[in-house]
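Numbering (our numbering), first residue to last: 895 to 1188. Glycine residues also receive a C-beta, built at the ideal position from the N, C-alpha and C atoms.
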C-alpha cells in the first residue's frame, strides 16, 4: 500500500498547482531518507527538467532534515565523539560520504603513532613523536593559499588531500590524541584554532587520573607542523590582533564548542564566496548549537 501511495505521490510532483505540490511534498517528506532511492529512480526515468528540479530540491530538503535530527542527537547525547561531529558537518555538503571509511583512515594514522609511543616519554617527547608521524609520515599541512575554500573544513577531503584549515587539522589531531590517552584539547582563539596539552591529575573519588583543563602545560599549532608554544605567544598574538586578553583564550573548550566553531568557519567560507543560499541553509544547523549549550 505504501509503495503504491509513494509512486502516486511522486507522479504528482510535476503538478503545476503549487497548493497540490506543497501537500504532495509534505507527505513525501514524512517517508524520510527511505524515499530517496525512489526519487532518484524517478529523476533518472524523466526527461522533464521541471520535474527533475523539484525532485532534486525535495531530496535536499529530506537530507537536510535528517541531518538536523542527527546533529541534535549528537549535541544531546554523543558530543564526546569529535570525529562524528566533523562527519555530520561534511554531510551538509556531501550527504553520501562513507563514515566508516573516514574512521578507518583515522584508525590507521592512530595505529602508526601508537607504535612509536611509550609510557616513558614526557609530554614534549610524546608530541614530538606524534608530530613526526602526523606531519612528516602522513603529510598533513595547513592550506594557507586558499583559506576560504570550504573543502578545508570537510573531514573526508582533508584526509584525502592532507591539507586543511587549522580547526579541521586540529580536530583530527585531537581525536587521535584522545584515543591514545593524550590530554590534548582544542582552544578557540579569535581567528585561529590551536590545541592545549593539559596536566593529568589524580581523583581520589574516582580513583583514576583525569585531564585538568585548567592546567595547560603548553600549546600546539596544528598548521605549523605541531609547533609547541607557551601562553606568552598567545599574549603576543592577541596584542598583534589588537584583541583584549581574556581567560577564555587560554583554556580548552568542549567538543561541542569545537564543532560549533567548525560550522561557523564553514559559514564564513560560504559568505566569502557569496554563496548566500548555503549560508542560510547552514544557519539552521548553527542555531541548534545555541539551543544546546549547557
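- DSSP places residue 1126 in the helix class (H, G or I) of the three-state scheme.
- A direct Cα-to-Cα measurement between residue 1109 and residue 1088 gives close to 16 Å.
- When C-alpha distances from residue 936 are compared across 952, 921, 926, the shortest belongs to 952.
- Between residue 1154 and residue 1183, the C-beta gap is smaller than 7 Å, which places the two residues in contact.
- One thing to note: residue 1063 has its Cβ no nearer than 7 Å to the Cβ of residue 1085.
- Between residue 1025 and residue 1120, the C-beta spacing is below 7 Å.
- Taken through DSSP and simplified to helix, strand or coil, residue 1059 comes out as coil.
- Counting only the Cα atoms, residue 1168 lies some 41 Å from residue 899.
- Counting only unbroken stretches of 4 or more residues, the alpha helix (DSSP H) elements lying wholly within the region 991-1056 are 993-1008, 1017-1025, 1049-1055, in sequence order.
- Apart from sequence neighbours up to five positions away, the residues of its chain that approach residue 1146 with a beta-carbon distance below 7 Å are 1079, 1080, 1081, 1090, 1092, 1107, ordered along the chain.
- In the three-state reduction of the DSSP assignment, residue 1093 falls in the strand class.
- The C-beta distance from residue 1112 to residue 1128 rounds to 11 Å, too long to fall under 8 Å, and the pair is not in contact.
- Judged by DSSP secondary structure, residue 1179 falls within the alpha helix (DSSP H) whose first and last residues are 1170-1185.
- Shown here for residue 1166: same chain residues with a beta carbon closer than 8 Å to its own, the five before and five after excluded, namely 1042 in chain order.
- Residue 1119 has no beta-bridge partner at all, per DSSP.
- Residue range 1078-1083 is occupied by the beta strand (DSSP E) that includes residue 1078.
- Here the alpha carbons of residue 1175 and residue 1055 stand approximately 26 Å from one another.
- For the pair residue 1050 and residue 1030, the Cα-to-Cα distance works out to about 20 Å.
- With a cut-off of 8 Å on Cβ pairs, the region 906-920 is in contact with the region 941-948, counting three or more such pairs.
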